[in-house]
Amino acid sequence: MATIDTVPSDLTGAPLARRVSGRRTRQRRRLNAFRYITFTVFALFFLLPLLSMFRFSFEGSTPGSWSVSAWTSISSYPGLLSSIEITLELAVLTSVAMVLLVVPTMIWVRLRVAWFRRIMEFISLLPLTIPAIVLVVGLAPIYNWIEHYNVSALMLLWAYVILALPYAYRALAAGLDAVDAKTLSEAARSLGARWPTVMFKVIVPNMWQGILNALLLTVALVLGEFTVAYLLSYTTLQPALFEISRSTTNAGVLFSASAATLIFAFVLLLILSYAGRRLRRGRP
Amino acid sequence: MTAAATTEAAVRPARAGRRLPLAWVGTLPFLAYAGVFLLLPTGIVIWNAFKGNTNGWTLANIKALNTGPVRTAFTGSLELCVISSLIGAVAGALLAYAVASGDADGLIRRIYLAGSGVLAQFGGVTLAFAFLATIGPIGFLLHASWYSDFPWGIALIYCYFQIPLMVLVFLPAIDGLRVPWREATENLGGSTWQYWRYVGGPLLAPAFLGAALLLFANALSAFATIEAWEDQIAYVVPQSISTSLISEVGLANAHEGDALALGMIVLVVIVMSCYLLLQRRAGRWQR
């Protein structure tokens, strides 16, 4: 209240401005202290587990010593290399299947079946809501049937496309939003292009960024997926790591293989942001 | 909407009245795929939850949810979700505010945003191993005696992906707080406390609650981390589901897993509906 009483005399200018700016400086200083403390605390919280894991992967036979044996034994540890191989194959297959399924449908819906757009978005984002553990209960009978025809772990691809659908959908939708699909398609159509030409030679080349994002997000998801593979009894990378941890929690290979996965995923994301920046710069 | 409408109009004269609209056929592959691998499994869960051991319909599976071990799993899930989403929401909101109050194009903001994007997805068994190497029985930092306590040990691990998710979800809301509102409060003589109590707080409350609910749902469906942390005891519902799936033979009823899964669907639907309502409320002033 006191402050309000003094306002009229301050209305003329300078004193109010000075007082406000004095208060601003104090606030700024307090805010900065708060920010730097917060950033430090959280940086420690997020970095320490990662650093510990890396340090552990270089632990020698005696505590405190250094050695690369955990890293070299990734290739010789029973079953680990084959699980990495199958996971990488799955990652490639899933991301390709995802793009083949979603990109044409999405462009087609955007251009010709606008009323379906909300339905497609709802379906695509649904797996975010339905937990993977619930989905796997319903998938089990379906996989029983699939296993009559093919027992390969590559069959996980069918479930993985669904799990990655929300992330890929959002990446692709963002990519398509950046394209003026309507103008492009009208221009192409009035020049006599058929619909396949419009979709694959006009729209798709303009949304590469979105497609690339979707591919990498799908790969990252497949690399880290555990629930579905484990419960359907397929030995991909994460279930393999889980088995190692159950037999011995001290195996250095557990930490080196985990660290290697993380590095790989991190490199993928670096590529994503680097390629994204280059594509953006290339645009007029 | 308008885009397609115009395109339709531009194309129609050439084929007016000659063909039925067949454009929707293009959506069939997608619909069929989602139908078989997303909607059908969900339907199977709901269907089987009401099926008896032999044949016919029964409520026995649902009634079995109200027995000792299952109740423990549900309370465990709720406990863990509430704790980890509350801590995650408060800590994440603080971090989001610290990030938002800095330079909009600054390095710190870019690092924390990119990092949050990565870490929010960083669940899985690897996360449990990282904490095992840090504060577990073989930890480098310390050998925390509470590391294997439920719920606090696992709640701390969950915070590792909950906090970044909160930053991602809540940052847009904080960015929506406009500087003139702060200045208006100050010019009317309001203190910092008054600004947060009467202006900022009420404006952010729906977004905060909504984000906390999203974190709750996120913790509810997490399975890999807690399974890698402790796989002998079923603390939470996903673990009971996993047990009943793996050891289907020895169970009194074959559809216990389906009933548990249905229980989770019900929980998630409730939580997500509240989330969507709050999001709409929060979006009212967020343009």
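Top to bottom, those sequences are chains H and E.
First residue of the first sequence: 85, per the numbering used here; consecutive thereafter.
First residue of the second sequence: 274, per the numbering used here; consecutive thereafter.
Glycine included, every Cβ here is placed at the ideal spot set by N, Cα and C.
Since the model is a prediction, treat every value here as computed from it, not as a measurement.
From H/GLU169, H/LEU338, H/MET204 and H/ALA216, pick the residue whose C-alpha is nearest to that of E/MET537; which is it?
Of all alpha-carbon atoms in H/GLU169, H/LEU338, H/MET204 and H/ALA216, the one lying nearest the alpha-carbon of E/MET537 is that of H/ALA216.
Taking DSSP's pairing of strands, which residues face H/TRP150 in a bridge?
Partner(s): H/GLU143.
Check each candidate in H/ALA313, H/LEU301 and H/PHE140 and name the one with the smallest Cα separation from H/LEU353.
H/LEU301
Should the region 431-448 of chain E be regarded as contacting the region 492-500 of chain E, the criterion being three or more beta carbon pairs within less than 8 Å?
yes
So, for H/SER208: in the same chain, excluding its five sequence neighbours on each side, which residues have a beta-carbon less than 7 Å away from its beta-carbon?
LEU249, PRO250 and TYR253
Any C-beta of chain E under 8 Å from that of H/ARG110
Taking a beta-carbon distance threshold of 8 Å, H/ARG110 does not count as an interface residue toward chain E.
Compare the C-alpha of E/ILE317 against each of H/LEU256, H/VAL220 and H/LEU177 and name the closest.
When only C-alpha atoms are compared, the closest one is H/VAL220.
For a contact meaning CB atoms closer than 7 Å, what does E/TYR508 contact in chain H?
Those within 7 Å of E/TYR508 in chain H number zero; the least Cβ separation is about 14 Å.
Pull up the DSSP beta-bridge partners for E/LYS324, would you.
According to DSSP, E/LYS324 shares a beta bridge with E/TRP330.
Rounded C-alpha distance that separates H/LEU172 from E/ALA369:
35 Å
Is it buried or exposed for E/ARG451, if we count other Cβ within 10 angstroms and need 16 for buried?
exposed
Could you please tell me which residues of the region 192-206 of chain H, in chain order, have their CB closer than 9 Å to any CB of chain E?
TRP192, VAL193, ARG194, LEU195, ARG196, VAL197, ALA198, TRP199, PHE200, ARG201, ILE203 and MET204
Look at H/VAL187 and H/VAL288 and say whether their C-beta atoms are less than 8 Å apart.
yes
Hey, does H/PHE118 have any beta-carbon neighbour from chain E nearer than 8 Å?
yes
H/SER145: which of H/ALA335, H/LEU135, H/GLU231 and H/LEU177 sits nearest, CA to CA?
H/ALA335
is_contact[H/SER105, chain E] using C-beta, thresh 8 Å
no
Which word fits H/SER340, buried or exposed, when buried means at least 16 other C-beta atoms lie within 10 angstroms of its C-beta?
H/SER340 should be labelled buried.
Would E/ILE335 pass as a contact of E/ALA532 if the rule is Cβ separation under 8 Å?
yes
I'd like the ranges of any alpha helix (DSSP H) spanning at least 4 consecutive residues and lying wholly in the region 381-434 of chain E.
For the region 381-434 of chain E, whole alpha helix (DSSP H) runs of length 4 or above, ordered along the chain, are 397-408.
What are the start and end residues of each continuous alpha helix (DSSP H) run of 4 or more residues lying completely inside the region 478-550 of chain E, in chain order?
Whole alpha helix (DSSP H) segments, 4+ residues: 497-502 and 510-519.
For the 8 Å Cβ check, are there 3 or more pairs between the region 108-124 of chain H and the region 370-390 of chain E?
yes
Interface residues of chain H facing E/ILE317 [CB-CB closer than 9 Å]
VAL221, GLY222, LEU223, ALA224, PRO225 and ILE226
Within the continuous alpha helix (DSSP H) that includes H/PRO215, where are the two ends?
It is not in any alpha helix (DSSP H) - H/PRO215 carries neither H nor E in the DSSP assignment.
Outcome for E/TYR548 when other beta-carbon atoms lying within 10 angstroms are tallied against a minimum of 16
buried
Work out the CA separation of H/ILE214 and E/GLN552 for me, nearest whole Å.
19 Å
Quick test of your reading: H/ALA349 and H/ALA304, contact by CB under 8 Å. State the CB separation rounded to the nearest angstrom.
5 Å
Sorted by chain position, which residues of the same chain lie with C-beta nearer than 7 Å to E/ALA393's C-beta, five sequence neighbours on each side aside?
PHE434, PRO437, LEU438 and LEU441
Determine the direct distance from the alpha carbon of H/LEU165 to that of H/ALA324, and round the result to whole angstroms.
10 Å
DSSP on H/PHE326, reduced to helix/strand/coil?
helix
So if I threshold CB-CB distances at 8 Å, which residues from the region 478-504 of chain E count as touching chain H?
ALA490, LEU493, SER494, PHE496, ALA497, GLU500, ALA501 and ASP504
Here's a check: name, in chain order, each residue in its chain whose Cβ is nearer than 6 Å to the Cβ of H/VAL91, leaving out the five neighbours to either side.
With a pLDDT of only 45 at H/VAL91, under 50, the local geometry of the prediction cannot be trusted, and no value is derived from it.
From the DSSP output, in three-state form, read off H/GLU231 for me.
coil
Mapping DSSP to helix, strand and coil, what is H/GLY106?
helix
Could you tell me how far apart the beta carbons of E/ASP302 and H/THR189 are, in whole angstroms, since I believe they sit closer than 8 Å?
It is worth fixing the name first, because residue 302 of chain E is Pro in this sequence and not Asp. With a Cβ gap of about 7 Å, E/PRO302 and H/THR189 count as contacting.
Could you check what DSSP says for E/GLU352 in three-state terms: helix, strand or coil?
In the structure shown, E/GLU352 falls within a helical segment according to DSSP collapsed to helix, strand and coil.
Reducing DSSP to helix, strand and coil, say where E/LEU367 ends up.
Secondary structure at E/LEU367: helix, using DSSP grouped into helix, strand and coil.
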